[in-house]
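S.K.: Submitted below is the structure of interest, expressed as structure tokens.
In my numbering, the protein residues as written are 702 to 811.
In structure tokens, the structure reads:
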């Protein structure tokens, strides 16, 4: 479902892509699979960032970050921190953006 959503987004079918991302997240909730929920939120958050829906992007990315950390998925968490830094930068939250970039450096390098 997420792959289909991503392909729809790339093809410029943004409304259909959003519907597919929402369906993927709903499906992960129905399965009660926290990892799938985190991945679905990450994918939808990236889509929202791509389409400049930054508030929605931030909401999804922050929730996915909490889930990745709760699951102790360090690699996914570090990658998502970069997404959060990008969104905060685009929102003008430069200090918060720097904090996230610094966290990436500290967690990825040592």
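Every residue gets a Cβ at the ideal spot worked out from N, C-alpha and C, and that includes glycine.
Model, not experiment: these values are computed from the prediction.
Can you give me the C-alpha to C-alpha distance between residue 708 and residue 719, rounded to a whole angstrom?
M.R.: Here residue 708 is taken as the residue at index 7 of the chain shown, counted from 1. Here residue 719 is taken as the residue at index 18 of the chain shown, counted from 1. Cα-Cα distance, rounded: 11 Å.
S.K.: Compute the beta-carbon to beta-carbon distance between residue 766 and residue 785, rounded to the nearest angstrom, for a pair I have assumed lies under 8 Å.
M.R.: Within the chain shown, numbered from 1, the residue matching residue 766 stands at position 65. Within the chain shown, numbered from 1, the residue matching residue 785 stands at position 84. Yes, residue 766 and residue 785 are in contact; Cβ-Cβ is about 6 Å, under 8 Å.
S.K.: For residue 740, which three-state DSSP category applies?
M.R.: As a working note, residue 740 is residue 39 in the chain shown. Helix.
S.K.: Among 706, 780, 762, which residue has its Cα nearest to the Cα of residue 810?
M.R.: Residue numbering aside, residue 810 sits at position 109 when the chain shown is read from its first letter. When only C-alpha atoms are compared, the closest one is 780.
S.K.: Could you tell me whether the Cβ atoms of residue 749 and residue 742 are closer together than 8 Å?
M.R.: Mapped onto the chain shown, residue 749 falls at position 48. Mapped onto the chain shown, residue 742 falls at position 41. The answer is no: Cβ separation not under 8 Å.
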